[in-house]
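Chemist: Numbered by our numbering, the letters in the sequence shown go through residues 41 to 850 in order. Just so it is clear, CB atoms sit at the ideal spot from N, CA and C, and this is done for glycine as well.
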Amino acid sequence: MSERTASLTRQEAAARAALLEVERYDIALDLTGLLEGETVRSVATVSFRCAEPGATTFVDCVATVDRASLNGVPLDPASAERGRLPLPDLRAENVLVVEAHQSNTSSAEGIHRTVDPTDQLVYVWTSFEPDDARRVWACFDQPDLKAVHAFTVDAPTSWTVLSNTAPASVDERGSGRRWAFEDTPRLSPYVVVVNAGPFHEIRATRAGYDLGLYCRRSLVPVLERDAAEILDVTEHGLRWFGERFAMPFPQRRYDQVFVPDMSGAMENWAAVTHSDELLYRSEPTQCERSLRAYVVLHEMAHMWFGDLVTMRWWDDLWLNEAFATWAGTWAAAGMPQFADIWAHTLILEKRRAYSQDMSPGTHPIRADVHDVDAALARFDPITYTKGMSVLRQLAAYAGEKLFVAGLGSYFERHQWGNTTLADLIGAIGEASGEDLAAWTEAWLDHAGTDVIALDDGRLVVHRPEDGVVRPHRLDVASFAQDGTLVGSTELTLDASGLEADLPDAAVHLLNAGDLTFAATRTDPASRAWLRRRAGELPDVTARTVAVMEAWDETARDGASGAELARCVLSVLETERNPDLSEHFLDLAREAVELWAAPEAAGELRERLATVAVAMAEDPACRRAALRTLAGCASGAEHFAVLEAHADDDPDLAWRVLTRKAELGEYDDAHLVALDARDPDPESWIYALAVRTAREDLAAKEAAWQALMVERRVPRTPGRELLVHSFWLPSQAELLRPFAQRYLAAVRAMEGGLLATMSLAFTMYPWAVADEDFLAQAERVAQDPAVPPLAQQTLVRGNDLLARQLRSRRA
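1) Can we say the region 262 to 277 touches the region 200 to 207, given the rule of at least three CB pairs closer than 8 angstroms?
2) Can you name the residues that DSSP bridges to Leu762?
3) On the CB-based measure, 16 or more other CB atoms within 10 Å of its CB, does Asp496 come out buried or exposed?
4) Let me confirm a value: Ala155 is counted as buried when at least 16 other C-beta atoms fall within 10 Å, else exposed. Which label applies?
5) Where does Thr459 fall in DSSP's three states?
6) I need the boundaries of the beta strand (DSSP E) containing Pro114, first residue and last residue.
7) Within this structure, are the beta carbons of Leu484 and Arg418 separated by less than 8 angstroms?
8) Just to confirm my understanding: we take Thr197, look at its own chain, exclude 5 residues before and 5 after, and list those with CB closer than 8 angstroms. What are they?
9) Contact defined as beta carbons within less than 8 angstroms: I believe Leu570 pairs with Ala586. What is the distance between those atoms, to the nearest angstrom?
10) With the cut-off set at 8 angstroms, would you say Ala545 and Val526 are in Cβ contact?
11) Should Ser143 be labelled buried (16 or more other beta-carbon atoms within 10 Å of its own) or exposed?
12) Using a Cβ-Cβ cutoff of less than 8 angstroms, which residues in the same chain neighbour Trp382 once the five nearest sequence positions on both sides are dropped?
13) On the DSSP bridge assignment, give the partners of Tyr249 in chain order.
14) Please report the straight-line C-alpha distance between Leu348 and Ala46, rounded to a whole angstrom.
15) Kindly list the residues whose CB is nearer than 6 angstroms to the CB of Val614, restricted to its own chain and excluding five residues on each side of it in sequence; keep chain order.
16) Which partner residues does Asn134 have in the DSSP bridge list?
17) Out of Arg292, Phe281, Ala267, Asp194, state which residue places its alpha-carbon closest to the alpha-carbon of Leu319.
18) Are the beta-carbon atoms of Val164 and Asn235 separated by less than 8 angstroms?
19) Identify every residue that forms a DSSP beta bridge with Asp172.
20) Kindly indicate which three-state DSSP category Ser42 falls into: helix, strand or coil?
21) Tyr424 to Trp358, Cα distance in whole Å?
22) Between the region 49 to 68 and the region 170 to 186, are three or more C-beta pairs nearer than 8 angstroms?
23) Hey, Pro757 and Glu317 are a contact pair by Cβ (cut 8 angstroms); roughly how many whole angstroms apart?
24) Straight-line CA distance for Ile468 to Phe443?
25) Quick check on this structure: which residue in Ala487, Asp522, Ala595 has the alpha carbon closest to the alpha carbon of Phe557?
26) With a threshold of 7 angstroms, establish whether the CB of Arg572 neighbours any heavy atom of the ligand COA.
27) Straight-line CA distance for Arg153 to Val99?
28) Pull up the CB-CB distance for Ala649 and Leu669, whole angstroms please, since I reckon it's below 8 angstroms.
29) Going by DSSP in three states, Gly553 sits in which element: helix, strand or coil?
30) Rounded to whole angstroms, what's the CA-CA distance from Leu71 to His240? Just pull it up for me.
31) For Trp165, which of helix, strand or coil comes out of DSSP?
32) Ser209: buried (16+ other C-beta within 10 angstroms of its C-beta) or exposed?
33) Evaluate the contact criterion for the region 332 to 345 versus the region 301 to 312: three or more CB pairs, one atom per stretch, below 8 angstroms.
34) Can you name, in chain order, every residue of its own chain whose Cβ lies under 7 angstroms from the Cβ of Asp420, other than the five neighbours on each side?
Encoded structure:
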């Protein structure tokens with residue numbers, strides 16, 4: 041923890057929850073100082089009961105306390121220490137009033153002020169998970185002290201203010217306006233929100249709900265282009281969850297705000313805040329549309345699991361995120377245009393969970409979280425995606441209909457309250473008639489991934505070192521030599537192995553429907569066929585599972601990265617699913633650049649370019665194929681294909697200029713002209729990416745300052761291109777000093793949860809790092825002075841680098 045703020049421990053939270061019952065917060069915010077300055081002011085009036093009159097506790101407030109009183113008696117602001125204001129001599133009924141101000145509004149810690157570079161308009165958003173509400177106003181900042189919240193907000197006249205409920209009144213007040221909002225239901229402090237700025241608004245009535253979409257002014261054309269689809273997804277989600285959980289969403293108004301300079305999204309009750317990177321500046325690909333639908337539905341699922349019913353403490357954090365990840369994917373798959381999203385999730389998200397679970401950074405899904413700082417380090421792929429996979433496995437094990445019935449009972453029984461894992465598992469067990477105690481212990485309390493192998497007709501389970509027996513419900517698909525499906529066999533493994541009664545077939549694919557969380561190794565004959573001909577499988581999920589087995593063999597066992605690249609390229613030669621083809625293209629490029637031996641990379645890159653050119657002939661796959669081609673183009677014929685489409689696609693045009701700059705063909709005049717015609721408010725990031733791609737020390741230094749020192753590069757589609765153009769493998773010698781600087785930056789990394797997590801992992805220098813760097817990075821990861829979240833991210837990055845270096849040598 042920092043010297044300034046204390047991290048709430050589980051014991052402290054339990055003691056305070058036993059002592060207090062919070063009735064309501066009346067929060068008055070003054071945002072007028074943020075129009076041209078950095079300061080937000082708050083007055084928090086907290087009404088609460090105390091079970092032991094005369095007791096002492098504390099209220100959380102990281103903002104500077106100006107004045108405070110408890111039951112009319114003044115408190116000394118100087119008594120506030122490390123983010124805690126002591127509250128002595130409590131009564132049975134108490135009213136606390138704390139006036140505070142905060143000027144740290146540019147680091148995405150609780151509250152963030154950002155200026156649009158296009159028109160200089162100012163936008164303000166808040167995001168409080170896990171305990172950042174205390175950075176803006178005084179509160180009892182823990183999930184099991186729920187309360188009604190009522191917000192009154194003073195803001196400039198030109199701004200729209202948004203919160204969890206509808207505004208009850210908006211009154212002119214001096215040079216600004218005062219917004220008063222209706223009371224919220226009983227909510228944890230981390231899911232309330234206030235967002236403000238000159239937002240563009242779109243409202244629609246769908247299925248009886250009043251739906252709102254908001255964005256900054258410079259992105260109005262993009263939101264207008266995609267609003268109908270976002271509203272369709274939102275309407276679908278509200279119907280889907282309301283019907284299946286037997287509990288319609290209980291508030292008529294549901295808003296979604298797309299804000300600048302935010303990483304990820306936050307599930308604030310009825311007012312979800314999304315990064316506006318989801319408002320794609322160019323016409324979105326199918327993959328991007330699937331990702332956006334999933335994020336919208338993931339955050340919506342939290343309305344039931346996380347907001348309506350909330351975990352008592354952060355040791356059950358995984359349930360919040362795992363449930364929303366499962367439910368968001370499940371609901372998206374219910375829309376015909378996103379029917380393949382389980383395969384999308386496997387290759388994009390589940391692969392990251394497998395990667396972490398084979399690393400030293402692995403941990404059980406359920407963990408002992410002694411304080412909030414420790415909880416921060418749990419926002420990772422095991423929490424989100426392995427947890428999701430285990431819930432999907434539980435649905436398969438118990439039966440999806442009974443699993444969902446158990447969820448409905450759980451929400452009905454615990455609405456507006458707090459729960460533990462036992463409450464959820466108990467409800468599912470009741471509905472399914474299963475005793476899930478052993479299942480829960482095996483899947484949630486033990487780290488590592490089982491490897492299920494097909495050995496001479498027998499399925500054999502190779503377990504992690506602790507030897508715990510996990511039950512697996514999975515299927516095995518069997519195919520003829522020409523790829524025709526012969527049959528599918530449903531199996532349950534609950535011991536060390538099983539004689540599998542499989543059809544007589546040339547090829548067997550384990551876990552073909554991706555129902556369980558396990559690595560797989562099929563028999564040698566099937567393996568040989570799948571590595572060369574997986575693209576001939578008739579089902580997109582089966583093709584993805586086959587590719588993932590090749591990836592896992594590379595990452596887990598050290599198989600050749602070049603062989604992985606050739607496997608993916610063989611699939612791409614026939615793959616035309618617009619969602620999965622983009623993921624396969626990305627994986628192929630990753631395999632070529634990071635996993636394959638340098639001496640093989642040239643030939644593989646040329647083959648990737650050839651595949652991309654062929655795929656670009658299919659309109660459904662064209663945008664993704666051209667983006668990939670722009671990253672590996674090497675000759676006039678490649679650039680001719682690209683330039684035939686770049687005039688109408690600024691994103692592609694930037695990628696072409698970036699590749700040319702990497703090849704030594706930097707054209708400043710072309711860059712300036714493209715920047716002038718690109719309507720993207722963050723086009724400067726693309727321009728910086730082009731300059732950064734040059735093998736030039738000054739250009740690299742300018743990018744480093746923007747990314748890692750000033751941290752002024754927001755999370756936008758262009759940032760990924762900028763990071764890639766910085767860490768170019770062909771410029772490894774020039775970049776080695778920056779790899780050392782990365783380690784120094786990680787040691788001192790601070791900031792909001794989403795910003796820190798994103799930056800630390802994104803900027804890891806896999807493309808240029810070597811064995812010497814790895815040894816130094818491993819020493820840094822063991823330094824207890826490194827913040828836990830950054831430390832955990834570094835452990836993951838180090839392990840992935842070690843595996844890549846091994847596969848390059850294979």
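Modeler: Reading off the structure:
1) no
2) According to DSSP, which records beta bridges pairwise, Leu762 is partnered with nothing at all.
3) exposed
4) Correcting the residue identity first, residue 155 is Val in this sequence and not Ala. That one is exposed.
5) strand
6) 113 to 115
7) no
8) Glu212, Ser215, Gly216, Arg217
9) 5 angstroms
10) yes
11) exposed
12) Thr369, Ala373, Asp554, Thr581
13) Arg246
14) 28 angstroms
15) With the sequence shown as reference, residue 614 is identified as Thr, and Val is not the correct amino acid for it. Taken in chain order, the residues that qualify are Gly575.
16) Phe88
17) Ala267
18) yes
19) Looking at the DSSP assignment, Asp172 forms no beta bridge with any residue, so it has no partner.
20) Residue placement at Ser42 is flagged as unreliable, the pLDDT there being 40, under the threshold of 50; the coordinate-derived value follows with that caveat. Ser42: coil per DSSP, three-state reduction.
21) 6 angstroms
22) yes
23) 6 angstroms
24) 6 angstroms
25) Ala487
26) Ligands in the displayed structure: none, and consequently the ligand COA is not present.
27) 25 angstroms
28) 6 angstroms
29) coil
30) 19 angstroms
31) strand
32) exposed
33) yes
34) Gln396, Gln832
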